[in-house]
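Per mature numbering (1 follows the signal peptide of the UniProt record, and there is no 0): the sequence shown = residues -19 to -1, 1 to 702.
Written below as structure tokens is the structure these notes are about.
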Amino acid sequence: MARSKTLAAFAAFCYLAHAGCPYMDDSTVDPPANHPMVRRDNAENPSLRSTDDFMAQYEVNDTAYLTSNAGVPIEDQESLSAGERGPTLLEDFIFREKIMHFDHERVPERAVHARGAGAHGTFTSYADWSNITAASFLSMPEKQTDVFIRFSTVAGSRGSADTVRDVHGFAVRFFSDEGNFDIVGNNIPVFFIQDAIKFPDLIHAVKPSPNSEIPQAATAHDSAWDFFSQQPSSLHTLFWAMSGHGTIRSYRHTDGFGVHTFRLLTDDGKTKLVKFRFRSLQGKASLLWEEAQFTAGLDADFHRRDLFESIQKGLYPEWEFEAQIMEEGDQLRFGFDLLDPTKIVPEDIVPYTPLGKLTLNRNPRNYFAETEQIMFQVGHVVRGIDFTEDPLLQGRLFSYLDTQLNRHGGPNFEQLPINQPRVPVHNNQRDGAAQMYIPLNTAPYSPNTLNDGYPKQATKNQGRGFFTGPDRSAGGRLVRAVSSTFADVWSQPRLFFNSLAPVEQQFLIQAMCFESSQLRSDVVKKNVLIQLNRVSHDVAVRVAETLGMTVPEADDTYYHDNTTINISPGGPLLKLDGLKVGYLTSNSASSDTAQALKTALGDVNVDLVVVAPTLAAGIDQTYSATSAIQFDAVIVDGNAEKLFASSTSNSTRSAFYPAGRPLQILRNGYDWGKPVGVIGSSTTAFGAAGIQAGAPGVYGFAVASDMSTIVDQLAEGLHTF
Ligand code: HDD
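In structure tokens form, the structure reads like this:
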């Protein structure tokens, strides 16, 4: 497993610009001729805003004097006290303001998806998609729209580790020239529940125990699996989460999904049903579980670091924005209900159509102001995008708005720089906590004559307002019940499992064994086995073995052999950008080989990190600061072999700290499925690490001139999986 996963992990390898005062709401005046709401082209549009307009310049102007928030020049390093050794005075407004502000620096973290990282980017439409949607950002080829993506885990707190096993949030905001459109998605195309009213139950079950607040950011506990086994609609998402999709190599190496079926709407009112996907153009890759656990301890910031550094280096991650386009009449056509968010539409049945490309190309300047304060909403749709009756989606339409009120403490959160649309806002909403504008319109109501009827109502034919499919209708008996068309919750987890490669299946089963063997309740364990057995007898047998429990009888009424495509958490990497190779050497070794390697790998945007006992010219890191989690592949300098023998030699042992670290890096790298190689003699290092030369993912290179071969072999190792 570890070895074939080698190749998997080497798949691892490897925001006014209104004229005049920016705070004036000038809805008393006519929209300017170039108002974005009446424009459809992508020409330079001076009224589009940018977050740059909100940069706090004082922080970078080092010639300025410190002031209070009232703009008064002050000094703030000592408090005002009654005598040198006396008490601090209540009069000290400088002290009180500074401490008060500090005390209020935090806003409530997100109830879910608290831990995350984000970046700015650009979306470029491939074509004029007005045949399927009136969405302006898709209205012409090459049209560019600013975006912000926030990636996240779900269960952990804001300070939890990145590499915990979890579903990952993939929330995308399009700052379109007709307002903000958010796709608040995940890296897994399905969800645990079919009705939003169950969301608090799901989250209460998955979050840490109410008494001990253990475990953090983990589902390996009774309440989570109690819920999963009592709510079998969760099985499909659970299977995805227990596969490599739950332990991604990086945010760059995963796809994003809109999950629900959405409606697209054309200018003339024709509708299509769609499922959205953002397909990683880096390729997909995951971490092995043990590696992910070590990483959580050694580098809790592993994913945010990877994203930040990649963008900093100009290695901009890209995703293709795609849609499965279906007809209204297809709702029940595929043997399940398109309104059921626990189902995928298999890609071999409805292929994805690429609509455009999304590139992340700028890091946030301030994590709190941007990544923490961005407040996505499922209800942020633009002309041309409509909802469906999916009960999970319908419930989310309430929850996200409500949650932002809680986080911001008032209704003006859309005025925060990262939440402001790039187009002017004109409406009659007024006042509220932290109101940042000075509205000039003295007739803040509609209809009015005192302001010549402005702002006017935007409709389908005037002002480009249009969201609701004209043929949508609703009616029926009032019921509290799950639709009978949502009943089959076992076929698709099986479809998922059937479609994985054997090594990926093994990974999934090991994840289930890891989680379920930490359950204390035998009742929960038994219920888990009952549900697993409805998906796959094989899975149930293998998990039951670990639990030392009896397996339920196979039940053929549930089983099928269908498979589908493109659901693997790994696969060929499409780019090696931003991957890291560790080169384990000694201070006395020649730097020529390292330099040649750096150049060869640099050509494919892979970083070579040269590791030696002590820092010196040409050495990037010491062994004491290095572990295998930092690399996607490990190459040993055959001339530094004594470092590997040193684990047993007391004399060399003292040469650096900690003893045995080079060997540990090599062995962990190998065990965690990373390609390993030796330049020169491999006998000592490989022998000490118990690595067989020639085994899959193990490479030997004679000399530095083999460097291009190394790159090829690394790429090949990657693509073999
Ligand atoms: Fe949610 C945050 C994704 C169902 C209630 N959700 C949140 C985020 C993502 C998702 C990516 C983080 C956004 C960010 O980065 O700021 N949620 C999903 C997906 C779902 C889903 C893909 C199912 C298809 N969520 C869901 C339901 C409810 C919520 C059914 C409630 C009924 N979600 C929330 C929330 C959060 C949130 C509590 C917490 C912070 C926030 O909204 O802004 O309101």
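The beta carbon of each residue, even a glycine, is placed where N, CA and C say it ideally should be.
For this session: State buried or exposed for Thr228, treating a residue as buried only when at least 16 other CB atoms are found within 10 Å of its CB.
Result: The residue labelled residue 228 in the question sits at position 247 within the sequence shown. Buried, because 16 or more other Cβ atoms sit within 10 Å of the Cβ of Thr228.
For this session: May I ask whether a heavy atom of ligand 1 can be found less than 6 angstroms away from the beta carbon of Val88?
Result: The residue labelled residue 88 in the question sits at position 107 within the sequence shown. No - ligand 1 has no heavy atom lying nearer than 6 angstroms to the Cβ of Val88.
Exercise. If you pair each beta-carbon of the region 250 to 264 with each one of the region 581 to 600, do three or more pairs fall below 8 angstroms?
Worked result: no
Problem set entry | Endpoints, alpha helix (DSSP H) assigned at Ser472 | As a working mapping, residue 472 is identified with position 491 in the sequence shown. Counting along the chain, the alpha helix (DSSP H) containing Ser472 begins and ends at 472 to 479.
Exercise. In this structure, does DSSP put Arg642 in helix, strand or coil?
Worked result: Along the sequence shown, read from residue 1 onward, the residue named residue 642 stands at position 661. DSSP places Arg642 in the helix class (H, G or I) of the three-state scheme.
Exercise. Just to confirm, are Leu557 and Val532 a CB contact at a threshold of 7 angstroms?
Worked result: What you label residue 557 is simply residue 576 of the sequence shown in a count that begins at 1. What you label residue 532 is simply residue 551 of the sequence shown in a count that begins at 1. Their beta carbons are not under 7 angstroms apart, which means Leu557 does not touch Val532 by this criterion.
Problem set entry | Distance, Ala142 Cα to Gln293 Cα | On the sequence shown, position 312 is the one that residue 293 refers to. On the sequence shown, position 161 is the one that residue 142 refers to. One C-alpha to the other measures close to 22 angstroms.
Exercise. How is the alpha helix (DSSP H) around Pro298 delimited, first residue to last?
Worked result: The residue given as residue 298 occupies position 317 in the sequence shown. From DSSP, Pro298 is part of no alpha helix (DSSP H); its letter is neither H nor E.
For this session: Compare the beta carbon distance of Leu269 and Trp653 with 7 angstroms and say whether it is the shorter of the two.
Result: Sequence index remark: in the sequence shown, residue 269 carries index 288 (1-based). Sequence index remark: in the sequence shown, residue 653 carries index 672 (1-based). In contact: Leu269 and Trp653 (Cβ atoms closer than 7 angstroms).
For this session: Report the three-state DSSP secondary structure of Phe682 (helix, strand or coil).
Result: Stepping through the sequence shown from its first residue, residue 682 is reached at position 701. Note: Phe682 maps to strand in three-state DSSP.
For this session: Under 8 angstroms by Cβ, that's how I've got Val135 and Val93 pegged, so tell me the actual separation to the nearest angstrom.
Result: On the sequence shown, residue 135 is found 154 positions in, with the first residue counted as 1. On the sequence shown, residue 93 is found 112 positions in, with the first residue counted as 1. Confirmed, about 5 angstroms.
Exercise. Along the chain, where does the alpha helix (DSSP H) that runs through Leu336 open and close?
Worked result: Counting from one through the sequence shown, the residue named residue 336 turns up at place 355. Segment 334 to 343 is the beta strand (DSSP E) holding Leu336; no alpha helix (DSSP H) there.
Problem set entry | Residue burial classification, Ser605 (beta-carbon count within 10 angstroms, cutoff 16) | For this step, residue 605 is matched to residue 624 along the sequence shown. The residue is exposed, with fewer than 16 neighbouring Cβ atoms inside 10 Å.
Exercise. Closer than 6 angstroms: is that where the CB of Ser567 sits relative to any heavy atom of ligand 1?
Worked result: On the sequence shown, position 586 is the one that residue 567 refers to. Flag unset: Cβ of Ser567 not near ligand 1.
Problem set entry | Beta carbon of Asn508 nearer than 7 angstroms to that of Ser210 | As a first step, residue 508 must be located in the sequence shown, where it is residue number 527. As a first step, residue 210 must be located in the sequence shown, where it is residue number 229. Cβ distance < 7 angstroms, so Asn508 and Ser210 count as in contact.
For this session: State the DSSP-derived secondary structure class of Ile399, mapped to helix, strand or coil.
Result: Sequence index remark: in the sequence shown, residue 399 carries index 418 (1-based). Reduced to three states, the DSSP call for Ile399 is coil.
Exercise. Quick one: is Leu550 buried, meaning 16 or more other Cβ sit within 10 Å of its Cβ, or exposed?
Worked result: Locating residue 550 in the sequence shown gives position 569, counting from the first residue. For the record, residue 550 in the displayed sequence is Pro; it is not Leu. A buried status is given to Pro550, since no fewer than 16 other beta-carbon atoms sit within 10 Å of its beta-carbon.
For this session: With DSSP as the reference, please indicate the residues paired to Ser133 in a beta bridge.
Result: Here residue 133 corresponds to residue number 152 of the sequence shown, with the count starting at 1. Ser133 is bridged to Gly97, Gly150.
Problem set entry | Given Met530 as reference, the closest of Leu183, Ser502, Ile306, Lys324 once Cα atoms are compared | Residue mapping note: residue 530 aligns to position 549 of the sequence shown, counting from 1. Out of Leu183, Ser502, Ile306, Lys324, Ser502 has the C-alpha closest to the C-alpha of Met530.
Exercise. For the beta strand (DSSP E) that contains Ala593, what are its first and last residues?
Worked result: Taking the sequence shown and counting its residues from 1, the one referred to as residue 593 is at position 612. Its beta strand (DSSP E) spans residues 588 to 593.
For this session: Say yes only if the C-beta of Arg131 is nearer than 6 angstroms to one or more non-hydrogen atoms of ligand 1, and no if none qualify.
Result: Counted from its first residue, the sequence shown places residue 131 at position 150. Under cutoff, so the answer is yes.
For this session: State the Cα-Cα distance for the pair Met493 and Gln358, rounded to the nearest angstrom.
Result: By one-based count along the sequence shown, residue 493 stands at place 512. By one-based count along the sequence shown, residue 358 stands at place 377. In a straight line, the C-alpha of Met493 is about 33 angstroms away from that of Gln358.
Problem set entry | Minimum C-alpha distance to Glu159 - residue among Ile306, Gly365, Asp311, Asp207 | Here residue 159 refers to the residue found at position 178 when the sequence shown is read from its first residue. Of the candidates Ile306, Gly365, Asp311, Asp207, the one whose C-alpha sits nearest the C-alpha of Glu159 is Gly365.
For this session: Please indicate yes or no: does the CB of Leu183 lie closer than 6 angstroms to some heavy atom of ligand 1?
Result: Translated into the one-based positions of the sequence shown, residue 183 becomes position 202. No.
For this session: Report all residues from its chain with a CB closer than 6 angstroms to the CB of Thr247; omit the five preceding and five following residues, and keep chain order.
Result: Numbered from 1 along the sequence shown, position 266 holds the residue referred to as residue 247. When the five nearest sequence neighbours on each side are left out, the beta carbons in the same chain lying within less than 6 angstroms of the beta carbon of Thr247 are those of Ala115, in order along the chain.
Exercise. DSSP three-state call for Val19: helix, strand or coil?
Worked result: Counting from 1 along the sequence shown, the entry for residue 19 is found at position 38. A caution first: Val19 carries a pLDDT of 31, below 50, which makes its placement in the model unreliable, though a value can still be read off. Helix at Val19.
For this session: Examine ligand 1 and report whether any of its heavy atoms sits within less than 6 angstroms of the Cβ of Phe74.
Result: Counting from one through the sequence shown, the residue named residue 74 turns up at place 93. No, the Cβ of Phe74 stays beyond 6 angstroms of every heavy atom of ligand 1.
Exercise. Is there at least one non-hydrogen atom of ligand 1 closer than 6 angstroms to the beta-carbon of Leu386?
Worked result: Counted from its first residue, the sequence shown places residue 386 at position 405. For ligand 1, not one heavy atom lies less than 6 angstroms from the Cβ of Leu386.
For this session: Would you identify the three-state DSSP class for Asp57, choosing helix, strand or coil?
Result: Position 76 of the sequence shown, counted from the first residue, corresponds to residue 57. Coil, per DSSP.
Exercise. Does ligand 1 have even one heavy atom less than 6 angstroms from the beta-carbon of Leu373?
Worked result: Your numbering for residue 373 matches position 392 in the sequence shown. Yes, ligand 1 has a heavy atom inside 6 angstroms of this Cβ.
Exercise. Given residue 704, which residues of its chain have a CB within under 7 angstroms of its CB, disregarding the five upstream and five downstream residues?
Worked result: This structure does not reach residue 704, given that the chain is present from -19 up to 702, and the question cannot be answered.
Exercise. Is Ala415 helix, strand or coil when you go by DSSP?
Worked result: Position 434 of the sequence shown, counted from the first residue, corresponds to residue 415. Coil, per DSSP.
Problem set entry | C-alpha gap between Pro27 and Asp33, whole angstroms | The residue labelled residue 27 in the question sits at position 46 within the sequence shown. The residue labelled residue 33 in the question sits at position 52 within the sequence shown. Model confidence at Pro27 stands at a pLDDT of 49, short of 50, so the residue's coordinates are unreliable; what they give is reported in the following sentence. Just so you know, the alpha carbons of Pro27 and Asp33 end up roughly 14 angstroms apart.
Exercise. Mind pulling the alpha helix (DSSP H) runs of 4 or more residues that sit fully within the region 230 to 290?
Worked result: 270 to 279
For this session: Quick one: give me the first and last residue of the beta strand (DSSP E) that Asn167 is part of.
Result: Taking the sequence shown and counting its residues from 1, the one referred to as residue 167 is at position 186. It spans 160 to 167 - the beta strand (DSSP E) in which Asn167 sits, taken as one unbroken run.
Problem set entry | Cβ-Cβ distance between Gly102 and Arg131 below 7 angstroms | Walking along the sequence shown from the start, residue 102 turns up at place 121. Walking along the sequence shown from the start, residue 131 turns up at place 150. The Cβ atoms of Gly102 and Arg131 do not sit closer than 7 angstroms to each other.
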